[in-house]
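Down below is the structure, laid out as structure tokens.
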Amino acid sequence: MKLLALESTCDETAAAIVTEDLDVLASVVASQEDLHQAFGGVVPEIAARAHLERMLPVIDQALQRAELRLADLDAIAVATTPGLAGSLVVGLMAAKTLALITGKPLVAINHLQAHIYACQVAGKRSVFPCLGLIVSGGHTSLYNCPTAVDFEPLGGTIDDAAGEAFDKVASMLGLSYPGGPSIAEAAQRGDPRAHRLPRALLNDSSRLDFSFSGLKTAVRYLIAGPGKVDFTECRLSPAAVADIAASFQEAVVDCLVGKTELALERTGLQTLCVGGGVAANARFRDRLREMTQRRQVTLEIAPPALCTDNAVMGAIAFEKLRAGQAEALDLDVMPGLVRHASSR
Ligand code: KG4
Ligand code: ZN
22 MKLLALESTC DETAAAIVTE DLDVLASVVA SQEDLHQAFG GVVPEIAARA HLERMLPVID
82 QALQRAELRL ADLDAIAVAT TPGLAGSLVV GLMAAKTLAL ITGKPLVAIN HLQAHIYACQ
142 VAGKRSVFPC LGLIVSGGHT SLYNCPTAVD FEPLGGTIDD AAGEAFDKVA SMLGLSYPGG
202 PSIAEAAQRG DPRAHRLPRA LLNDSSRLDF SFSGLKTAVR YLIAGPGKVD FTECRLSPAA
262 VADIAASFQE AVVDCLVGKT ELALERTGLQ TLCVGGGVAA NARFRDRLRE MTQRRQVTLE
322 IAPPALCTDN AVMGAIAFEK LRAGQAEALD LDVMPGLVRH ASSR
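In my numbering, the protein residues as written are 22 to 365.
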């Protein structure tokens, strides 16, 4: 069985062709980073229009790379929740049209479950039941995942997502968008102990939640001076930027790893699956490895290209197909809550 999966939840237009044995025959990702750079975050309307331009060429390229034609496909899958409404609609309309033309089943993908499933695709082995940690630009959440398509939320951010905090702090430091990779790069030259930054909720063992907005404000004061909000005129040396980046990154990683360890302790789960763009962060990966080895828990974490948005993780659709869960052509999108530039 061969599946074409589409992804357009946020600012990546992606298509992948994957077999039931989780062999990836093609994976194409068209990023929109350049379009959103000037805004320091994703602008929903620009994202939707860019998906419209890129979706068909991306699908074409995936078919060419896999040396397949539409008629060779056995199913069409598309991420329908959560995401930006206008972006989701473009992917869904493309998928519906292909399903109609080919007469093949249409499968709806939950983008968050797909981020966790990326670990199963990467390792080509079953990773369930597991504790799922999703850390992206729009989400920072812990889930109890008995199977690939069942998940129970255990906790999550009460304000900003971790990736959003990376993007915002990078913009304050004059680093490029997306902020995660640029902060990680600057942090390599900095001292993570240079500044004492808050780790909100980390010592509150009664909950499995995160909060990053206070950390963001603390960095703002660090740059502008106590109580001041305007930092646009501040000129930091590269060494000062590196120290702030390293101290910020360490504070985020402490919170993520600390709460995940608490969730492992509470649930007794023996496998941890981590997905989402922030899971591409090298320091975070090292700290997760150290914590899971100490606890003798199996860590499943995909290579960075499968942590950030991609369509390969849409292979989760096979799980639904096996359970006979195809969709009718009146399927709609469920945007839910995600970040966008105007909410920053
Ligand atoms: O999963 P993703 O590609 O898209 C969403 O669904 O949001 O995640 C994007 C987020 C951005 O906030 C980006 O700054 C962050 O992932 N990110 C990173 C790294 N690479 C991407 N954060 C920290 N370190 C990285 N190396
Ligand atoms: Zn994502």
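No residue lacks a Cβ here, since even glycine has one placed at the ideal position from N, Cα and C. In this text, all values refer to a predicted model and were calculated from it rather than measured experimentally.
Residue i: CB within 7 Å of a non-hydrogen atom of the ligand ZN
{"i": "Asp330", "result": "yes"}
{"i": "Thr101", "result": "no"}
{"i": "Ser147", "result": "no"}
{"i": "Ser52", "result": "no"}
{"i": "Leu132", "result": "It is worth fixing the name first, because residue 132 is His in this sequence and not Leu. Yes; taking the cut-off as 7 Å, the Cβ of His132 has a heavy atom of the ligand ZN nearer than that."}
{"i": "His136", "result": "yes"}
{"i": "Gly297", "result": "yes"}
Pair within 8 Å by beta-carbon distance, residue i and residue j
{"i": "Glu286", "j": "Ala129", "result": "no"}
{"i": "Cys166", "j": "Leu293", "result": "no"}
{"i": "Leu320", "j": "Arg310", "result": "yes"}
{"i": "Leu8", "j": "Pro219", "result": "Limits of the chain in this structure are 22 at one end and 365 at the other, which puts residue 8 out of reach."}
{"i": "Ile179", "j": "Ile155", "result": "no"}
{"i": "Cys255", "j": "Ala267", "result": "no"}
{"i": "Ala338", "j": "Ala92", "result": "no"}
{"i": "Pro103", "j": "Met355", "result": "yes"}
{"i": "Ala71", "j": "Asn331", "result": "no"}
{"i": "Leu24", "j": "Ala98", "result": "yes"}
{"i": "Gln58", "j": "Glu33", "result": "no"}
{"i": "Pro126", "j": "Ala96", "result": "yes"}
{"i": "Gln82", "j": "Val111", "result": "no"}
{"i": "Thr168", "j": "Leu352", "result": "no"}
{"i": "His160", "j": "Leu119", "result": "no"}
{"i": "Ala87", "j": "Leu113", "result": "no"}
{"i": "Ile204", "j": "Gln270", "result": "yes"}
{"i": "Ala183", "j": "Val299", "result": "yes"}
Heavy atom of the ligand KG4 within 7 Å of residue i beta-carbon
{"i": "Asn302", "result": "yes"}
{"i": "Phe233", "result": "no"}
{"i": "Phe187", "result": "yes"}
{"i": "Ala159", "result": "Here residue 159 turns out to be Gly, not Ala, going by the sequence shown. At least one heavy atom of the ligand KG4 is nearer than 7 Å to the Cβ of Gly159, so yes."}
{"i": "Pro199", "result": "yes"}
{"i": "Thr30", "result": "yes"}
{"i": "Pro356", "result": "no"}
{"i": "Val111", "result": "no"}
Output the residue ranges of the alpha helix (DSSP H) runs that lie fully inside the region 317–349 and measure 4 residues or longer, sorted by chain position. 325–328 and 338–343
Segments assigned beta strand (DSSP E), at least 3 residues, entirely inside the region 34–84: With a minimum length of 3 residues, the continuous beta strand (DSSP E) runs that stay inside the region 34–84 are 45–52.
Ranges of the alpha helix (DSSP H) found wholly within the region 197–257, counting only runs of at least 4: Whole alpha helix (DSSP H) segments, 4+ residues: 200–208 and 234–245.
What runs of the beta strand (DSSP E), each 3 residues or longer, lie entirely inside the region 138–195? Listed in chain order, the complete beta strand (DSSP E) runs (minimum 3 residues) inside the region 138–195 are 151–156, 161–168 and 171–177.
Does the region 223–241 come close enough to the region 275–286 to have 3 or more Cβ pairs within less than 8 Å? yes
I'd like to know if the region 321–329 and the region 177–192 are in contact, where contact means that at least 3 CB-CB pairs between them fall below 8 Å. no
May I have a chain-ordered list of the alpha helix (DSSP H) segments no shorter than 4 residues that lie completely inside the region 252–303? 259–288
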